[in-house]
Amino acid sequence: MTTTTKTTTRLDVPKTYKLFIGGAFPRSESGRVTEVRDPKGAFVANVARASRKDARDAVRAARKAQAGWASATAYNRGQVLYRVAEVLEGRKAQFVDELVRTEGLKPARAQEQVEAAIDLWVWHAGWTDKIAQVGGSANPVAGPYFNISVPEPTGVVAVVAPQQQGLLGLTSVVAPALVTGNAVVVVPAASSPLVAISLSEVLATSDLPGGVVNVLTGDPAELAPWLASHADVNALDLTGAGDLDWVELEQAAAETLKRVVRPEPGLAPETPQRILALTETKTVWHTKSRL
Amino acid sequence: MAFLDYAPAPESTSILNLRDEYRLFIGGEWVAGGGTPFASVSPSTERQIATFASADEGDVDAAVRAARTAFEQVWGPMSGRDRGKYLFRIARILQERARELAVAETVDNGKPIRETRDADVPLVAQWFFHCAGWADKLDHVGLGARPRPHGVAAQVIPWNFPLLMLAWKVAPALAAGNTVVLKPAETTPLTAMLFAEVCEQAGLPAGVVNLVTGAGETGAALVRHPGVDKVAFTGSTAVGREIAKAVAGTDKKLTLELGGKGANIVFDDAPLDQAIEGIVDGIFFNQGQVCCAGSRLLVQESVHDEVMDRLKERMATLRVGDPLDKNTDVGAINSSEQLERITRLVAQGAAEGGDVWSPACELPAEGYWFAPTVITGVEASSTVAREEIFGPVLSVLTFRTPDEAIAKANNTPYGLSAGIWSDKGSRVLAVADKLRAGVVWTNTFNKFDPASPFGGYKESGYGREGGVQGMQAYLKAGER
Amino acid sequence: MTEPSAALAPAERAVQLLGGDLSEVALRRHLQGLPAVDAVGLEARAAKLGTRSIKTSSKQAALDLIIRMIDLTTLQGADTRGKVRSLVAKALVPDVSDPATPRPAAVCVYGDMVGNAVEALGSAWSAGKDDGINVAAVATAFPAGRASLQVKLQDTRDAVDAGADEIDMVIDRGAFLEGNYGLVFDEIVQTKEACRRADGTYAHLKVILETGELVTYDNVRRASWLSILAGGDFIKTSTGKVQPAATLPVTLLMLQVVRDWERLSGERIGVKPAGGIATAKDAIKYLVTVAETCGEAWLDPHLFRFGASSLLNDVLQQRQKLSTGHYSGPDYVTID
C-alpha cells in the first residue's frame with residue numbers, strides 16, 4: 001500500500017466479512033470473530049465466527065427457503081446457477097486476490113482455481129433440467145398403472161466443505177445440492193473464509209432466493225456437531241470433514257436417519273451420482289384405464 | 001345358514017413337507033447353530049411348527065466367510081449371464097412351488113392364504129425373474145461401465161412379508177454379483193428355509209446364499225461383522241437407527257427401509273367406492289402390519305361422515321379368522337408381543353379421546369387376533385396419529401383444503417408412503433409433488449412391483465428397493 | 001349449459017330428489033355430480049370378489065338360488081311357438097332326474113311370443129302373483145331401440161296386454177351418448193306408464209342400459225341412476241346382442257348404485273346381468289358380489305336376476321355333481 005506518487009494516498013475501504021444467513025449478512029450472534037492474516041502475517045480481516053445459534057438460524061432459514069427453491073422450474077434453477085457463474089466471472093480478480101491472501105497461492109494458481117470453480121457452476125447449471133431424466137425412470141409395472149420415479153431434493157443439507165481450495169471446494173459441494181432444489185447450510189474451509197463470503201455476495205446477487213444457501217464461517221469442529229444432530233436437517237455432507245471426528249458426526253446424524261455423504265474421497269465429483277446422492281426417489285402410481 | 005356365512009374353504013396343508021427341525025444354511029450345508037434353538041409357532045393356533053437353530057457370533061462369522069469365499073471364487077468371477085440364469089431358475093422353481101410356499105407362509109406368519117397365494121408369492125417369483133434379467137446388463141444401471149458389486153451383503157428382514165422381503169433383498173444382491181448372508185425374522189423363519197431348498201434345487205453354488213436364523217443378537221452380530229461390505233435392513237426405525245450408528249465410520253454401504261405412518265388422503269371428488277376399497281386395502285392388508293400402510297386417513301371434512309358410514313359398512317363385511325381359509329380377509333397378528341403393542345396403543349388412542357370402533361366379529365379363541373378397528377376424532381397430536389401401530393387400526397383425521405391435507409400428511413418424522421384419492425388429475429399431480437413420501441399411490445394403494453422403486457424419506461430410511469434404483473444400491477461405480 | 005329448462009314428464013322419484021321444477025339442466029347436473037368411478041379399482045374389487053371360494057353347503061344353496069334367479073331366455077328372430085313351448089317346458093321341469101329342482105323366476109321372450117308363453121305355462125304362470133313363473137317380454141324395439149317413441153310404447157302395451165309380468169325395455173343409447181338425458185328419461189317414464197294394466201297395477205319394468213354400448217363406467221353409473229329416477233324397477237346390463245354384455249365389474253357398479261339408492265330412499269331396486277354368464281362358477285361370483293355389496297336382502301329373485309339361456313344346464317350339472325359325487329355331462333340334462 002505504499003506509494004511513490006506525490007498525490008494524496010487513497011485509503012482502502014476494507015470489507016467486513018460477515019455470515020450469510022437467510023439472504024442477509026449478519027454478524028455472528030455471539031459477537032465472535034476470527035482474525036485472518038495473510039501468509040506474510042499482515043492483518044486481512046476479522047471474519048465472523050459462527051456459533052451454534054447461528055447454525056440454528058441458518059437451518060431455519062434454509063428450511064423456510066427450500067420448498068420455494070425446489071418448486072422453481074428446473075430451467076429457472078439452471079439460469080440462476082448460470083448467473084452465479086456469470087457474476088463470478090466478472091469478479092474474478094477479487095477472488096484471485098482473496099485466494100492469494102488467504103491460501104498463499106501464486107496469482108496464476110489462484111486464477112486456475114477461480115476459473116475451475118466458474119466452470120463447475122456452469123456444469124451444474126446445465127444439469128438442473130436433465131438430472132431427473134438420468135436419475136428418474138418410467139417403470140413398466142405388471143398392471144394397469146402409470147408409474148414414474150423422479151429424484152426430488154432431500155431438503156436441507158448441512159455441509160462441511162473441503163478444507164483445501166476454498167472456492168473450488170465450496171462450489172463442488174454447494175452446487176450439486178442446489179441442482180435439484182435442496183437448501184444448504186455450509187461450513188466453508190476454515191482457511192479460506194474470504195472467498196466463502198464473497199461467493200455469498202455473488203449468490204445474493206444472482207437471483208438465488210435468500211436462505212437457499214447459508215454460509216457459516218467459523219470452526220468446523222465447533223459447528224458440525226450441531227448441524228449433524230439438528231433434527232430439521234435431512235442430509236449431512238461430510239466431504240470436507242475428514243480431519244474432524246466424523247464417525248461421531250455420522251453417528252449423530254443416524255439419530256434422525258440423515259443421509260450421509262462420507263468424507264473425501266467419498267463420492268466422485270462432477271458425476272450425476274454426486275447430485276443424486278442428495279435426492280429422494282419418489283415413485284408415483286396412478287391407475288390407468290381408458291374407461 | 002345365511003349365504004354370507006360361507007362354508008369353510010380351508011386350503012390343505014398336505015402340500016407341506018416340513019422338517020421338525022431346521023438348521024443354519026451356511027456354505028451350502030445345513031449346520032447346527034451355537035445358540036439355543038427356538039421354536040416358531042403358528043400365530044393362528046399357537047401351535048409349534050418346527051424348531052430353528054440360533055446362530056451365534058461364530059456361526060455368523062462362518063456364514064460371512066462362506067459368503068466371502070463364494071464371492072471371490074465363484075459368484076464374483078462368474079459371468080453376468082450365468083448369474084442371471086441361476087436367478088431365472090430360482091424364479092421358475094418358486095413358481096413351481098408357489099402353493100407350498102403360500103401355505104407355509106400363511107402357517108408361519110398368520111396372514112390370509114388369499115394374500116400369500118395372490119400377492120406375496122407371485123411377487124417373490126416376479127422379483128427374481130426381474131432381477132435375473134439385470135445380471136448381464138449392469139452397464140446400464142446408471143453407474144457407468146463395468147460397475148462392481150460390493151462383496152458380501154448382510155441382510156436382515158422383518159416378519160411381515162418374510163419371503164417377499166427375502167426376495168427384495170436377495171434377488172438384486174445376487175444379480176449385481178454380491179453374495180449374501182440373510183437373517184430372517186425370529187418369528188417367521190420358515191419360508192427362508194424353504195428358499196434354501198429352492199437354491200439347492202437350482203444348483204446355486206455353495207456360499208452364495210447363507211441363511212442364519214436367530215433373534216436380534218444374531219442380526220446385530222451380522223451387521224457389525226467387519227467382513228461385511230453392504231448392509232440392507234428392513235424393520236423398525238429404532239433398530240434402523242442402531243444399525244446406522246453401528247455402520248458409521250466404516251466402509252459399509254447401507255440401505256434402510258423402516259417404519260411409516262402413511263397418510264391416505266381422500267378428497268371430496270374421490271371415486272368413492274374405490275376409495276373405500278383403497279382405505280381397506282391400505283390398512284387391513286396383512287392385518288395392517290405393513291410399513292407403508294395407509295394408517296392415517298385424511299378425509300376432507302365435507303365428505304367425512306359419508307366416508308365413515310361407508311367404510312364401517314364395508315369393514316363389517318371383512319372376514320376375520322382362520323388364515324388358511326380361502327375366504328379370510330384378515331388373519332392373525334404375527335405374535336403375542338405385536339398384539340400387546342396394538343392393544344396398548346389402541347387403548348391409549350381411546351384414553352386420548354379417540355372414538356374406537358370395530359365391527360362385530362367373532363375372534364377365534366386360540367391365536368393372536370385383533371379386530372379391524374377405526375379410530376375417529378383423532379388429532380394431529382394424538383399418539384395414534386403419530387406412532388406406527390403396525391396393526392389393523394386406522395386413525396382418522398380431517399382436513400379442509402389441499403394445503404391443509406399436505407401439511408398434515410407431511411407432519412411426521414416418517415416419509416414412506418401416501419395415498420391420494422381424487423378424480424382431478426391436476427390436483428392429484430400437484431399434491432403428489434408436495435408429499436414427502438417415497439411412494440405415492442393415487443387412486444390405488446399398497447401396490448408393489450419389482451420394476452417400481454420403493455423406499456422412504458426422512459426417518460423411513462434411505463435407499464430404494466426395486467427398479468434400476470434398487471440395483472444401484474448393490475453396486476458401486478467402476479474404476480474411473 | 002345453455003339448453004332450455006324443459007319440463008320433463010313427471011316421475012315421482014326424480015321429483016322428490018331433484019324438486020318439482022324438474023328440468024333437463026337439473027337432471028344433467030345431478031348425473032354429472034355423481035361420484036366418479038375409477039375403472040382399475042372397480043375391476044380390482046370385482047376380481048377380488050371373484051376369488052371367493054364357495055364350497056359344500058354354501059354351494060348347494062347358491063346353485064338353487066341361481067336357478068330361482070334365472071330369466072330363462074330365448075330372443076331369436078327364428079323363435080317359434082314350438083321353441084317357446086320348449087323353453088317353457090324346460091322352465092317347468094328343469095331337471096327330470098330331480099323333481100326337487102327349483103324353477104327359474106321367469107321366461108323371457110319377444111313381445112309377440114308372450115301369449116304363447118302364458119298359454120304354455122298354464123297354471124304355472126304367476127300372473128302377477130308371487131308363486132309361479134313370470135313371463136318377461138323385451139320391448140321398445142329391442143335390441144337396438146331405434147324406432148319412434150310411438151312404436152316403442154305400442155310394443156310395450158302389446159306385451160302387457162298379452163300378459164307380460166315384466167317388461168325389459170332398452171334405453172336410447174344414442175340419445176344418452178349425445179347427452180340428451182332428458183329424452184332417455186322421458187322414454188323410461190312413458191314406457192313405465194305403458195306398463196300400467198287396466199286394473200292400475202304395473203308390469204315390472206326392467207331397464208336395459210346396454211352397457212357394452214355406453215362403454216365407460218361413469219356412463220353406466222349415470223344411466224343406472226337415471227333409470228332409477230325415471231321409475232325403473234330393475235336395471236339390467238345388456239340385451240345379450242352386444243359384446244361385452246354382462247361383466248362382473250359392471251354388475252358390481254350397478255349394485256353399488258342400487259345400494260346407494262336404498263341408502264338414500266329406503267327403496268330397493270333390482271339388478272339383472274344378462275348375456276355371457278354361462279357357468280355356475282361365474283354365477284356364484286355374482287351372488288358373492290351381490291351379497292357383499294348390497295347384503296343378503298338382495299339374494300332374492302325380486303331383486304336379482306340372471307338373464308341367461310345356457311347357464312341353467314351348467315348349474316344343473318353342478319347340482320348333480322353335488323348329489324352324486326361325480327361329474328355330470330351335457331347328455332344328462334335336457335335342452336330346451
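As they're listed, the protein sequences go chains A, B and C. Residues in the first sequence are numbered from 1 upward in steps of one, following UniProt numbering. Residues in the second sequence are numbered from 1 upward in steps of one, following UniProt numbering. Residues in the third sequence are numbered from 1 upward in steps of one, following UniProt numbering. All C-beta atoms in this analysis are idealised placements derived from N, C-alpha and C, irrespective of residue type, glycine included. Computed from a predicted model, the values in this text were never measured in an experiment.
Report yes or no: do three or more beta-carbon pairs, one from the region 227-238 of chain B and one from the region 247-262 of chain B, lie closer than 8 Å? Yes: the two stretches touch, three or more of their Cβ pairs being nearer than 8 Å.
- In its own chain, which residues sit with a C-beta less than 7 Å from the C-beta of residue 333(B), not counting the 5 before and 5 after it? What you label residue 333(B) is simply residue 333 of the second sequence in a count that begins at 1. So the qualifying residues of the chain are 43, 110, 287, 339, 342, 368, 369, 370 and 391.
Any residues in the region 283-304 of chain B with a beta carbon nearer than 8 Å to a beta carbon of chain C? Which ones, in chain order?
Shown here is that no member of the region 283-304 of chain B has a Cβ falling below 8 Å from a Cβ of chain C.
Q. By Cβ distance below 6 Å, which residues in the same chain neighbour residue 1(A) in space, the five residues on each side in sequence not counted?
A. Counting from 1 along the first sequence, the entry for residue 1(A) is found at position 1. Because residue 1(A) carries a pLDDT of 47, less than 50, the predicted location of this residue cannot be relied on, and the following value inherits that uncertainty. In the same chain as residue 1(A), and ignoring 5 residues on each side of it, no C-beta atom comes closer than 6 Å to its own.
query: Within 8 Å (strictly less), CB to CB, does residue 483(B) reach chain C?
result: Because chain B in this structure spans residues 1 to 480, residue 483(B) falls outside the shown range and cannot be described.
Next on the checklist: In this structure, how does DSSP classify residue 159(B) when only helix, strand and coil are distinguished?
Outcome noted: Residue 159(B) sits at position 159 when you count from the first residue of the second sequence. Here residue 159(B) sits in coil by DSSP.
Of all the CB atoms in chain C, is at least one closer than 8 Å to the CB of residue 205(A)? In the first sequence, residue 205(A) corresponds to position 205, counting from 1. Residue 205(A) does not count as touching chain C.
Top-ranked residue by Cα proximity to residue 222(C), from 162(C), 37(C), 134(C) and 69(C)
By one-based count along the third sequence, residue 222(C) stands at place 222. If we check each option's Cα against that of residue 222(C), 37(C) comes out closest.
Cβ of residue 144(A) less than 8 Å from any chain C Cβ? Sequence index remark: in the first sequence, residue 144(A) carries index 144 (1-based). With 8 Å as the cut-off, residue 144(A) counts as an interface residue toward chain C.
What three-state label does DSSP hand residue 255(A) in the structure shown? One-based indexing of the first sequence puts residue 255(A) at position 255. In the structure shown, residue 255(A) sits in coil (DSSP, three-state: anything other than H, G, I, E or B).
Checklist entry - Grouping DSSP H, G and I as helix and E and B as strand, with all else coil, what is residue 333(B)? => result On the second sequence, position 333 is the one that residue 333(B) refers to. In this structure, residue 333(B) counts as coil in the three-state DSSP scheme.
So if I threshold CB-CB distances at 9 Å, which residues from the region 245-275 of chain B count as touching chain C?
Here the close residues are 269, 270, 271, 272, 273, 274 and 275.
>> So with CB distances below 7 Å, who are the chain C contacts of residue 289(A)?
In response: For the purposes of this step, residue 289(A) is taken as residue 289 along the first sequence, with counting starting at 1. Within 7 Å Cβ-Cβ: 39 and 40.
Just verifying my parser: in three-state terms, what is the DSSP assignment at residue 125(C)?
For the purposes of this step, residue 125(C) is identified with residue 125 of the third sequence, where counting begins at 1. It is a strand residue.
* Min CB distance residue 141(A) to chain B below 8 Å -> In the first sequence, the residue the question calls residue 141(A) occupies position 141. Residue contact with chain B for residue 141(A): present (Cβ-Cβ distance below 8 Å to some residue of chain B).
- Message: Would residue 292(C) pass as an interface residue toward chain B - the criterion being a Cβ-Cβ separation below 8 Å?
- Response: Numbered from its first residue, the third sequence carries residue 292(C) at position 292. Chain B, which has a Cβ nearer than 8 Å to the Cβ of residue 292(C), makes this yes.
Per the contact definition of three or more C-beta pairs closer than 8 Å, is the region 3-18 of chain B in contact with the region 262-278 of chain A? No, the region 262-278 of chain A is not in contact with the region 3-18 of chain B.
Continuous alpha helix (DSSP H) assignments of at least 4 residues falling wholly in the region 144-202 of chain B
Within the region 144-202 of chain B, the runs of alpha helix (DSSP H) at least 4 residues long that lie entirely inside it are, in chain order, 162-176 and 190-202.
Residue from 21(B), 27(B) and 26(B) with nearest C-alpha to residue 39(B)
Numbered from 1 along the second sequence, position 39 holds the residue referred to as residue 39(B). In this structure, 21(B) is the residue among 21(B), 27(B) and 26(B) with its C-alpha nearest to the C-alpha of residue 39(B).
*Does any residue of chain A bring its CB to less than 8 Å from the CB of residue 443(B)?*
Against the second sequence, residue 443(B) aligns to sequence position 443. Residue-level contact check: residue 443(B) touches chain A, since one or more beta carbons of chain A fall below 8 Å from its beta carbon.
Beta-carbon proximity of residue 309(C) to residue 73(C), cut-off 8 Å: In the third sequence, residue 309(C) corresponds to position 309, counting from 1. In the third sequence, residue 73(C) corresponds to position 73, counting from 1. Here residue 309(C) is near residue 73(C), since their CB atoms are less than 8 Å apart.
(message) For a quick check, are the C-beta atoms of residue 162(C) and residue 71(C) less than 8 Å apart?
(response) Position 162 of the third sequence, counted from the first residue, corresponds to residue 162(C). Position 71 of the third sequence, counted from the first residue, corresponds to residue 71(C). Taking 8 Å as the Cβ cut-off, residue 162(C) and residue 71(C) do not qualify as a contacting pair.
**Item:** Beta carbon proximity, residue 317(B) to chain C, threshold 8 Å
**Value:** Residue mapping note: residue 317(B) aligns to position 317 of the second sequence, counting from 1. Interface criterion met: the Cβ of residue 317(B) is under 8 Å from a Cβ in chain C.
Coil, strand or helix - residue 37(A) by DSSP
Along the first sequence, read from residue 1 onward, the residue named residue 37(A) stands at position 37. Correct three-state label for residue 37(A): strand.
Beta bridge counterpart(s) of residue 108(C) as assigned by DSSP: Numbered from its first residue, the third sequence carries residue 108(C) at position 108. Looking at the DSSP assignment, residue 108(C) forms a beta bridge with 73(C) and 136(C).
| said: Between which residues of its own chain and residue 95(C) is the CB-CB distance below 6 Å, once the five residues before and five after are set aside? | reply: For the purposes of this step, residue 95(C) is taken as the residue at position 95 of the third sequence. Answer for residue 95(C): 101 and 316, listed in chain order.
Give the range of the alpha helix (DSSP H) segment to which residue 228(C) is assigned. By 1-based counting over the third sequence, the position of residue 228(C) is 228. Start and end: 217-230.
ask   = Buried or exposed: where does residue 7(C) fall if 16 or more other Cβ atoms within 10 Å of its Cβ makes it buried?
value = Counting from 1 along the third sequence, the entry for residue 7(C) is found at position 7. Only weak support is given to the placement of residue 7(C): the predicted model assigns it a pLDDT of 45, under 50, and the value that follows is read from those uncertain coordinates. Flag for residue 7(C) reads exposed.
Less than 7 Å separating the Cβ of residue 39(C) from some heavy atom of the ligand FMN?
Absence of the ligand FMN from the depicted structure is noted, as is the absence of any ligand whatsoever, leaving it without description.
* Using DSSP with H/G/I as helix, E/B as strand and the rest coil, what is residue 79(B)? -> As a working note, residue 79(B) is residue 79 in the second sequence. Three-state result, residue 79(B): coil.
Practice prompt. Could you check which residue in 21(C), 33(C) and 54(C) has the C-alpha nearest to that of residue 322(C)?
Written response: As a working mapping, residue 322(C) is identified with position 322 in the third sequence. For residue 322(C), the closest alpha carbon among the candidates 21(C), 33(C) and 54(C) is that of 54(C).
Where does the unbroken alpha helix (DSSP H) through residue 30(C) begin, and where does it stop?
Your numbering for residue 30(C) matches position 30 in the third sequence. 24-32 is the span of the alpha helix (DSSP H), which, as asked, contains residue 30(C).
Could you please tell me which residues of the region 210-230 of chain B, in chain order, have their CB closer than 8 Å to any CB of chain A?
-> Residues: none.
Contact criterion: CB-CB distance below 8 Å. Does residue 286(A) meet it with respect to chain B?
As a first step, residue 286(A) is located in the first sequence; it is residue number 286 there, counting from the start. For residue 286(A), the answer is yes, since a Cβ of chain B falls inside 8 Å of its Cβ.
_residue 225(A) versus residue 460(B): straight-line alpha-carbon distance, rounded_ = In the first sequence, residue 225(A) corresponds to position 225, counting from 1. In the second sequence, residue 460(B) corresponds to position 460, counting from 1. Between the C-alpha atoms of residue 225(A) and residue 460(B) there is a straight-line separation of about 23 Å.
Going by DSSP, which residues form a beta bridge with residue 123(A)?
Position 123 of the first sequence holds residue 123(A). DSSP output for residue 123(A) lists no bridge partner at all.
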